[in-house]
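Novice: What follows is a single structure, and I will ask about it in a moment.
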Amino acid sequence: MKQPLNRIENDVESWLAKEQRFTKLFSAAVIKSRDFQKEKLDHFKNLSHKYRGDLSQDERISIRVLRQQTRQMERQLYPNLIVRLARRAFRASQRVVKNFAANRRQTANQRQLESRITAMGFTGMSSKLAEQIAEGKQQFGLPVSYYKNENERVDFELSFSRSADGTYRIADLKVSLDDQKAGQQRQHSFTGDHKDGLTAAQASNLLAGRAVKTQDKWIQLDLNDVNAQGKHRVKEFHQGYGYDLLKAVSQLPIKELKNQQQKQQLLEGLQSGEKQNVTIRINGKDRYLSIEANPQFKTINIYDQQNQKISVNQALERQPGIRNTQTQVIRLAKKNGISVS
């Protein structure tokens, strides 16, 4: 069984390794010099104040031993009691200033994280986030779940990690989609630039198999390609790939495209990975469909009211064998008042 990391022990060993390197580079006299020992004392004292709150049992023992050693070193370097007391008072005042700056930095960091997770679509996490940050944990996660419908549950976990300067960042976003009706469960962990700018709804749509546009590229999970960690391969379609969403949507005489506001809402929804409801006018009658972006094949997926996938010809109620040529697509687009290059 892997032993938990003892951070105090790790930092002390790092300092001792530095001493060994200096001994090889210079001489043992340098390590024993008063100036070097003062640096060592300051380093160990900083360590004793660095780790507080969230300590394992092994770390608590290590911190007590470390403090005992620093007191011995302090008496050797500063045998005069008055000097020691004056030095402690000076260091205490320095800590007050540092703590004030650290608290301001922590508050700013917390507000930034709250703003970020709210933009991602997570609400009501502020108090839990503040509690975890106050404990000073190196890593922690905040879980949240909701039902998309009576059969589908989505579980999220936002993982946070602490940087060397004490601030926190979002390390990854874990998402699990449990479809009880279909008996399927999918999960994925979004890391790196794949999580940047991603909302909870978009992450859920990706796990449902739909494509999402983030910044200057489309991404989509390959639901048939899963590694040992349960992560799906991420397919990326950059601007140079040539996917034109408006051109793809214009294959159908969609009524919502004629209204600028509805058109914008439709395109934004598709870019976020939503399956959008649309209305088309065929032979004087309205037909209701739903569509989703398909950047890989530079088109859209079309579904009827029974949620069955259909082709463009079927949507337009054309007879089989009639080819939907590029000319027909452009003509339909122009009919909708849309310029297609």
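In my numbering, the protein residues as written are 258 to 598. Using N, Cα and C, we set each Cβ at its ideal position, and we do this for glycine too.
(1) Work out the CA separation of Ser384 and Phe554 for me, nearest whole Å.
(2) Touching or not, the region 462 to 479 and the region 530 to 543, by the rule of three or more beta carbon pairs under 8 Å?
(3) Relative to the alpha-carbon of Gln472, which residue among Phe283, Asp482, Gly454, Ala346 has its alpha-carbon at the smallest distance?
(4) For Phe494, name the three-state secondary structure that DSSP assigns.
(5) Which whole runs of the alpha helix (DSSP H) in the region 509 to 574 are 4 residues long or more, in chain order?
(6) Helix, strand or coil: which one does DSSP assign to Asn581?
(7) Would you be able to state if there are at least three C-beta pairs under 8 Å between the region 319 to 336 and the region 291 to 299?
(8) Is it buried or exposed for Asn462, if we count other Cβ within 10 angstroms and need 16 for buried?
(9) Roughly how many angstroms lie between the CA atoms of Leu289 and Asn356, to the nearest whole one?
(10) Rounded to whole angstroms, what's the CA-CA distance from Arg426 to Leu370? Just pull it up for me.
(11) Tell me the start and end of each unbroken beta strand (DSSP E) in the region 407 to 477 that is at least 3 residues and wholly inside, in chain order.
(12) Which same chain residues, not among the five before or five after Arg544, have their C-beta less than 6 Å away from its C-beta?
(13) Taking the DSSP output, what are the residues bridged to Ser402?
(14) For Leu312, report the span of its alpha helix (DSSP H) as first-last.
(15) Provide the residue(s) that pair with Gln396 in DSSP beta bridges, ordered along the chain.
(16) Along the chain, where does the alpha helix (DSSP H) containing Gln623 start, and where does it finish?
(17) Is the beta carbon of Val432 sitting closer than 8 Å to the one on Ala460?
(18) Once you ignore the five residues that flank Phe397 on each side, which residues in its own chain have a CB closer than 8 Å to its CB?
(19) For Arg443, which of Ala421, Asp450, Trp475, Arg490 has the nearest alpha-carbon?
(20) By DSSP, does Asn337 sit in helix, in strand, or in coil?
Specialist: Looking at the atomic coordinates:
(1) Walking along the sequence shown from the start, residue 554 turns up at place 297. Walking along the sequence shown from the start, residue 384 turns up at place 127. Take the alpha-carbon of Phe554 and the one of Ser384: they are about 45 Å apart.
(2) The region 462 to 479, when compared against the region 530 to 543, does touch it at the 8 Å Cβ threshold.
(3) In the sequence shown, residue 472 corresponds to position 215, counting from 1. Selected option, being the one with the closest Cα: Gly454.
(4) Looking up residue 494 in the sequence shown gives position 237. Of the three classes helix, strand and coil, the one that applies to Phe494 here is strand, per DSSP.
(5) The region 509 to 574 contains these whole alpha helix (DSSP H) runs: 517 to 528, 569 to 572.
(6) Taking the first residue of the sequence shown as 1, we reach residue 581 at position 324. With a pLDDT of 48 at Asn581, under the threshold of 50, the modelled position of this residue cannot be trusted; read the value that follows with caution. In this structure, Asn581 counts as coil in the three-state DSSP scheme.
(7) Flag = yes, the region 291 to 299 and the region 319 to 336 touch.
(8) What you label residue 462 is simply residue 205 of the sequence shown in a count that begins at 1. Flag for Asn462 reads buried.
(9) Position 32 of the sequence shown, counting from 1, holds the residue named residue 289. Position 99 of the sequence shown, counting from 1, holds the residue named residue 356. In the sequence under discussion, the amino acid at residue 289 is Lys, which differs from the Leu named in the question. In this structure, the CA atom of Lys289 is about 32 Å from the CA atom of Asn356.
(10) As a first step, residue 426 is located in the sequence shown; it is residue number 169 there, counting from the start. As a first step, residue 370 is located in the sequence shown; it is residue number 113 there, counting from the start. Computed Cα separation, rounded: 7 Å.
(11) Fully enclosed beta strand (DSSP E) runs of 3 or longer: 409 to 419, 425 to 436, 441 to 447, 469 to 471.
(12) In the sequence shown, residue 544 corresponds to position 287, counting from 1. Closer than 6 Å at the Cβ level, and outside the excluded window around Arg544, lie Ile537.
(13) Numbered from its first residue, the sequence shown carries residue 402 at position 145. Answer by DSSP bridge pairing, in chain order: Asp412.
(14) Residue 312 sits at position 55 when you count from the first residue of the sequence shown. DSSP places Leu312 in no alpha helix (DSSP H); its state is neither H nor E.
(15) Within the sequence shown, numbered from 1, the residue matching residue 396 stands at position 139. Checking the DSSP bridge columns, you'll see Gln396 partnered with Ser418.
(16) Nothing in the structure corresponds to residue 623, since the chain is present only between 258 and 598.
(17) The residue you call residue 432 lines up with position 175 of the sequence shown. The residue you call residue 460 lines up with position 203 of the sequence shown. The Cβ atoms of Val432 and Ala460 sit closer than 8 Å to each other.
(18) Your numbering for residue 397 matches position 140 in the sequence shown. Result list for Phe397: Gln389, Ser416, Phe417, in chain order.
(19) As a position in the sequence shown, residue 443 is number 186, starting the count at 1. Residue Arg490 is the option with its Cα nearest to Arg443.
(20) Residue 337 sits at position 80 when you count from the first residue of the sequence shown. Correct three-state label for Asn337: coil.
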